[in-house]
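Residue numbers (my numbering), protein chains in the order written: chain A, 207 to 338; chain B, 955 to 1100. Glycine is no exception: its CB is placed at the ideal position from the N, C-alpha and C atoms. Bear in mind that the values here come from a model prediction, so they are computed numbers and not experimental data. This report concerns only the one structure given below.
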């Protein structure tokens, strides 16, 4: 019966093939005119934001420990931990979306996110371990 | 805020911290395979570590005034450990939510295929840093509390 049903339904292979969307391979540049849906771009932005946060936080932490922190850090919050956290979040939010918008069409940007994240975690850990 | 309330929050912060640390290893383990879905585990672990961080932030101003000077007077090395612990905790919270954002909704499509790998890296980093924070926090709590 299954065989009969299959035999009775006309199958237009050419029309099925026409419905398949060809997407660019990961890590390859997008062809001109192609669009990327919002989901992957937003996720990539979050990854860039996290990398930015870790570097900003680590940098401000080192600046605070060495006594060369910018004056605006104290203006944000009286407790340095909170001030650095807020500045790190705000900076990463502002920086991540333009950076992600510029990078997402580049050849190796998506593939580099994992490595950049891992490198940032290690650098952050070394910075706060070395200088408390 | 009375000392009793601060002590209660401190104990809840410590217990919840270890629970959140263990919870973070769950998505870190599951997401080693990029096609695996673990949204519930990821969100729950991130929520737990955020609640832990929120409790820590609540008692941190009082800690700086009451406990920190006593720790540095009694055992400066332990005080230095705590100064590191708080930074590890902050990074664990941020990495956990980054892992959630990278994991939720990621599809095995060509352009999106790297997001699950980055989510795995974020959760492994969050779990390791949360472990360090919990260990250092326990050492500090043995030395001095509210």
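If you draw a straight line from the C-alpha of residue i to the C-alpha of residue j, how long is it?
i	j	result
residue 227 (chain A)	residue 281 (chain A)	With a pLDDT of 38 at residue 227 (chain A), under the threshold of 50, the modelled position of this residue cannot be trusted, and the question is left open.
residue 1005 (chain B)	residue 309 (chain A)	34 Å
residue 958 (chain B)	residue 967 (chain B)	14 Å
residue 232 (chain A)	residue 318 (chain A)	Any reading at residue 232 (chain A) is ruled out, since the residue's pLDDT is 44, under 50, leaving its predicted position unreliable.
residue 268 (chain A)	residue 994 (chain B)	36 Å
residue 237 (chain A)	residue 323 (chain A)	Note on residue 237 (chain A): pLDDT 44, under 50, position unreliable in the model; the coordinate value appears next. Spanning the two alpha carbons is a distance of roughly 27 Å.
residue 241 (chain A)	residue 306 (chain A)	The predicted position of residue 241 (chain A) is uncertain, since its pLDDT is 44 and thus under 50; no value can be drawn from it.
residue 962 (chain B)	residue 1010 (chain B)	12 Å
residue 965 (chain B)	residue 986 (chain B)	33 Å
residue 333 (chain A)	residue 1087 (chain B)	15 Å
residue 290 (chain A)	residue 1055 (chain B)	22 Å
residue 980 (chain B)	residue 996 (chain B)	8 Å
residue 960 (chain B)	residue 1032 (chain B)	20 Å
Identify the continuous alpha helix (DSSP H) that holds residue i and give its terminal residues.
i	result
residue 1030 (chain B)	1030-1057
residue 903 (chain B)	Examination of residue 903 (chain B) is not possible in this model, given that chain B is present from 955 through 1100 alone.
residue 280 (chain A)	277-282
residue 992 (chain B)	Here residue 992 (chain B) belongs to no alpha helix (DSSP H), and DSSP marks it neither H nor E.
residue 157 (chain A)	Here chain A comprises residues numbered 207 to 338, so residue 157 (chain A) is not present and cannot be evaluated.
residue 1096 (chain B)	1069-1097
residue 290 (chain A)	286-309
What do you get for residue i, buried or exposed, if any count of 16 or more other CB atoms within 10 angstroms of its CB means buried?
i	result
residue 300 (chain A)	exposed
residue 278 (chain A)	exposed
residue 235 (chain A)	Confidence in residue 235 (chain A) is poor, its pLDDT being 43 and thus under 50, which makes the residue's placement unreliable; the coordinate value appears in the next sentence. By the 10 Å Cβ count, residue 235 (chain A) comes out exposed.
residue 956 (chain B)	exposed
residue 257 (chain A)	buried
residue 1028 (chain B)	exposed
residue 1008 (chain B)	exposed
Measuring only from the beta carbon, is residue i closer than 7 Å to any heavy atom that is part of the ligand MN?
i	result
residue 1053 (chain B)	In the structure on display, the ligand MN does not appear, and there are no ligands present to speak of.
Check: Hey, is the stretch 1004-1021 of chain B in contact with the stretch 1036-1054 of chain B, meaning 3+ C-beta pairs nearer than 8 Å?
Finding: In this structure the stretch 1004-1021 of chain B lies against the stretch 1036-1054 of chain B, because at least three pairs of beta carbons, one per stretch, are closer than 8 Å.
Item checked: the stretch 255-268 of chain A / the stretch 293-309 of chain A touching (three or more Cβ pairs under 8 Å) -> Contact check between the stretch 255-268 of chain A and the stretch 293-309 of chain A: three or more CB pairs, one atom from each, fall below 8 Å, which counts as touching.
Note to self: Check whether the stretch 1021-1031 of chain B and the stretch 1047-1061 of chain B touch, using three or more Cβ-Cβ pairs below 8 Å as the test.
What the structure shows: As far as the Cβ criterion goes, the stretch 1021-1031 of chain B does not touch the stretch 1047-1061 of chain B, which means the pair count is below three.
Checklist line | beta strand (DSSP E) segments (min. 3 residues) lying fully within the stretch 1006-1031 of chain B | finding: DSSP runs (the beta strand (DSSP E)) wholly in the stretch 1006-1031 of chain B: none.
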